[in-house]
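Asker:
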Amino acid sequence: MKELWLLSLTTTLWSVSSFTTAALSRFSAFSSDRYVRQSRADPEQIVPLVIGLVPNDFNTLERELYLVSNPSHTQYGQYLAQEQVNHLSRPCDGALEAVRTWVSNFSYENSMGTFSATSNLFKVQIQVKHIERMLETELYNYDVKKTESVASSSRRKLIRASTDVSVPEHLKDVVSFLSTNTHPLGLRALGAATSQVEDKIGSPGTTLEMIRQTYGIPADLVVTNPANTQCVTSFFNESYKSSDLDVFFTRFLPGDSPPHIIEKGDRVDPHQWATTEASLDTQYVTGVGRNATTFVWTMNGSNPYSSEDEPFVEFAEDVLALENPPLVISISYSDDEEHIFDVSAGYARTLDTLLIKMGLRGMTVVIAGGDDGVTGLRTEFEKIPFEDTCLQSGPQWPSSSPYITTVGATMFLSNAQQVAKPFFRTKEEVACSVENGGIITTGGGFSNIYSMPEYQVTAVERYLRTRDIPTTPGFFNASGRAYPDVSVLGSQFIVYINDRLLSASGTSASTPVFGAMVTLWNDMRLNAGKSPLGFINPLLYYLAETQPDAFHDVVVGNIGAPRGKHDPCEDSFSAAAGWDAVSGVGTPNFSVISTFIETLEDHFNISQLDNSKRSAMGDVSNNLVSLTTGVGEMSTFTMVLLIAAVAANVTIGIVVVVALAKRWRNQYTPLDDVISGNAASVSTTSSASRIEQLNSEADNSEDDVELSEINLK
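With mature numbering (1 follows the signal peptide of the UniProt record, and there is no 0) applied, the sequence shown corresponds to residues -18 to -1, 1 to 695, in that order.
1) Quick one: residues in its chain with C-beta nearer than 8 Å to the C-beta of R115, no 5 flanking neighbours on either side, listed in chain order?
2) Might you give, ordered along the chain, the residues of its own chain that have their beta carbon closer than 7 Å to the beta carbon of T189, omitting 5 neighbours on each side?
3) Is there contact here, the stretch 108 to 122 with the stretch 63 to 78, by at least three beta-carbon pairs under 8 Å?
4) Any idea if P241 is buried or exposed, counting beta-carbon neighbours within 10 angstroms, 16 or more meaning buried?
5) What does DSSP give as the partner residues of W279 in its beta bridges?
6) How many angstroms separate the CA atom of E305 from the CA atom of A63?
7) Between Y266 and N571, which are expected to be in contact by the criterion C-beta below 8 Å, what is the C-beta distance as a whole number of angstroms?
8) Under the rule that 16 or more other beta-carbon atoms within 10 Å means buried, what is Q374, buried or exposed?
9) Is there contact here, the stretch 435 to 450 with the stretch 150 to 157, by at least three beta-carbon pairs under 8 Å?
10) Please state whether DSSP places M345 in a helix, a strand or coil.
11) Could you pull out every residue in the same chain whose Cβ sits closer than 6 Å to the Cβ of P308, ignoring the five residues on either side in sequence?
12) Any idea if P435 is buried or exposed, counting beta-carbon neighbours within 10 angstroms, 16 or more meaning buried?
13) Going along the chain, which residues of its own chain have a beta-carbon closer than 7 Å to the beta-carbon of A464, five neighbours each way excluded?
14) Specify the secondary structure class of S608 as computed by DSSP and reduced to three states.
15) Enumerated in chain order, which unbroken segments of the alpha helix (DSSP H) with a length of 4 residues or greater are wholly contained in the stretch 436 to 495?
16) Ignore the nearest five residues each way along the sequence and tell me which others in L336's own chain have a CB closer than 8 Å to its CB.
17) Return the CA-CA distance between S216 and Q254, expressed in angstroms with no decimal places.
18) For D317, count neighbouring C-beta atoms within 10 Å of its own C-beta (all shown protein chains included) and say buried if the count is 16 or more, exposed if not.
19) Taking L342 as the reference, which of E580, Q107, H69, S21 has the closest Cα?
20) Where do the N-terminal and C-terminal ends of the beta strand (DSSP E) with R22 fall, by residue?
21) Can you name, in chain order, every residue of its own chain whose Cβ lies under 6 Å from the Cβ of T275, other than the five neighbours on each side?
22) Classify A298 as helix, strand or coil using the three-state DSSP reduction.
23) Tell me the residue span of the alpha helix (DSSP H) that contains T264.
24) Within 8 Å, do at least three Cβ pairs link the stretch 514 to 533 to the stretch 416 to 432?
25) By how many angstroms is the C-alpha of F97 removed from the C-alpha of L35?
26) Tell me whether the stretch 446 to 459 and the stretch 414 to 424 touch, counting them as touching only if at least three CB pairs, one residue from each stretch, are closer than 8 Å.
27) What is the residue span of the beta strand (DSSP E) that V110 lies within?
28) Ends of the alpha helix (DSSP H) at T206?
29) Looking at N480: is its Cβ nearer than 8 Å to the Cβ of A256?
30) Under a Cβ-count criterion, where at least 16 other Cβ atoms within 10 Å of its own Cβ denotes burial, should E319 be classed as buried or exposed?
31) Report the residue ranges of all alpha helix (DSSP H) runs contained in full by the stretch 518 to 591; include only those spanning at least 4 residues, in chain order.
32) Just tell me which of V229, C372, S93, T264 has its CA closest to the CA of A498.
33) What residues in its chain sit with their C-beta under 8 Å from that of P25, if we drop five residues either side in the sequence?
34) Give the single residue among W279, R331, A532, T581 whose Cα lies nearest to the Cα of L103.
35) Run through the DSSP bridge pairs and tell me what residue 724 is partnered with.
36) Suppose you measure from the CA of W379 to the CA of D354; what does that come to, to the nearest Å?
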């Protein structure tokens, strides 16, 4: 059995608007019901100590992300260079020097270590006995409890501090976490739900052609801009076979050239044995985002800081170190949110900082929303007994991070599935769930760590006023970051794996497809001399409010049924009109979104207009000035007529704007859902009172009752 040596001594240090306050001490001893303390750590063992440094001004870093990502702001699309982003995220002056001085008295053979300006991580080799002196603690080996729910391959060892850790007072505000590994246990690929399919023409399942037809992607649309790139991750032991990819293209895209793949990372993929996740991601990201240069980032399960775990932060470091990183990144790995913040909150927040930096550089990061419904991975990580699973939701991470786009999964009901549920018929997409006949249940819910970002408040609060949310007290945090953001088909994808045709399901199927759509949209913008879409969430929610046809609304299904043969939770989130915690804003209407984004910057951002358009606007401005300066020479009668005409035009304009506003709002949400006055504050209203207040406003909503009656509860 391989061993994972992981020292996680702290939770977080910095406090920002997107995070709730941690209840534990910042430098507490290790405590977990999942692990049993064993022998004292070998004092002579050398481990790579990693010290995370807090960004000097996280709030400014976060604010800059939202400015360049807001489609109605003048800074939209004005991304930063690598040096500018690193400067924004740098530690406070003197912090690195202070940490170096502190460590130098204990480091192995006077090693001064290395510092990464990309991640703010200081890494140095130190013996266990010196760490104990340095931190005034005792280190022990810990083994995960041996239970039926924990596979033998997952029973790994940790090195933990058994007593509280002492850090010099002058460093407590600059050190975010200390660890012999920058990532914790538990991240896993989500594309494991597979079944064999008969290899013949017309085999049932989701194909590239079905995806194009469903979302309106032109059959001949391919990437043409050489600067347009995309990426899928292949962590741990995930691998794809290039021969499988060739067969996939020959079968489903016979006229296309083989995709241009660039392999990156610290693990060489011999392409001898394929796994589900890597095969699924590679085949569909290249099959939808055709002709785009595609990075397949394979990171070793055994990296310099771990003997067996996914190197999430190391991956982000590597990507951000590139002068021209991939513009779209698709990630299909997940963990339990509560678990990750128990093991190492500092690690999670270090990744959040890197995700923000990716957005500031114009990169779009899409992450799978999970395949285990409303309960998430809580039972797998032994947070609660299975019989109590349905008492509380189980948000997943990094799906719950507000700095990425979380993708859910939908499905079409087969004729047999519709016959099994005779009370409704639909040819539209429904939530992918076990209860609907799917293999997995798409994930969704509300974070218990991150507060709700401003870009989704309007849409989410509208959902909270419906009757499609759980009613059990304390079931979810109504003020938390809500996910998913968007959904795509994620059921029965036809994939070639080790020369066999298989069917794969999950949000890890949906995610690379949506990522490839972003690649196609980026191509339109790059060819027009504009910026890539970058962090796309503010744009998605803006479109949902102002362009109702931009998304296909998913209104059937819920996420109460966990994967496997377990009874569904009676209390869960259900699909509803508009945004919901099952499908997000819905599934994309490719052509409508394409039309909008092609002229996005020109419409909102005057600073990005080309010279001819700036000149035209200048002519209009000059004409207005000439009109104003000529008023004094007009007769009184002419002046009166002019003033009357202007007043009439203003009045007509106001009437038209109000009418249009009412029209699109009625299209997007029932009028009965609209309330007067200001929306409840996310940051100051408790979860229980918030739901009670919003629910009371929905009591008279007949439309909500009708939607509730057709949901699969």
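Where a beta carbon is used, it is the ideal one built from N, C-alpha and C, also for glycine.
Bear in mind the structure is a predicted one, so any value in this text is a computation, not a measurement.
Answerer: Walking through what the data contain:
1) F88
2) F234, I476
3) no
4) buried
5) T215, K246
6) 9 Å
7) At roughly 19 Å, the Cβ-Cβ gap does not stay under 8 Å, so Y266 and N571 are not in contact.
8) buried
9) no
10) coil
11) T211, Q212, C213, F277
12) buried
13) F428, M434, Q438, V442, A563
14) Any reading at S608 is ruled out, since the residue's pLDDT is 33, under 50, leaving its predicted position unreliable.
15) 439 to 446
16) T100, S101, V295, A298, E299, L302
17) 15 Å
18) buried
19) H69
20) 17 to 22
21) T211, H242
22) helix
23) 258 to 270
24) no
25) 10 Å
26) no
27) Where V110 is concerned, there is no enclosing beta strand (DSSP E), although the alpha helix (DSSP H) it sits in stretches over 110 to 117.
28) It is not in any alpha helix (DSSP H) - T206 carries neither H nor E in the DSSP assignment.
29) yes
30) buried
31) 519 to 528, 572 to 580, 582 to 586
32) T264
33) Q109, V110, K111, E114
34) R331
35) Nothing about residue 724 can be read from this structure; the chain reaches only from -18 to 695.
36) 13 Å
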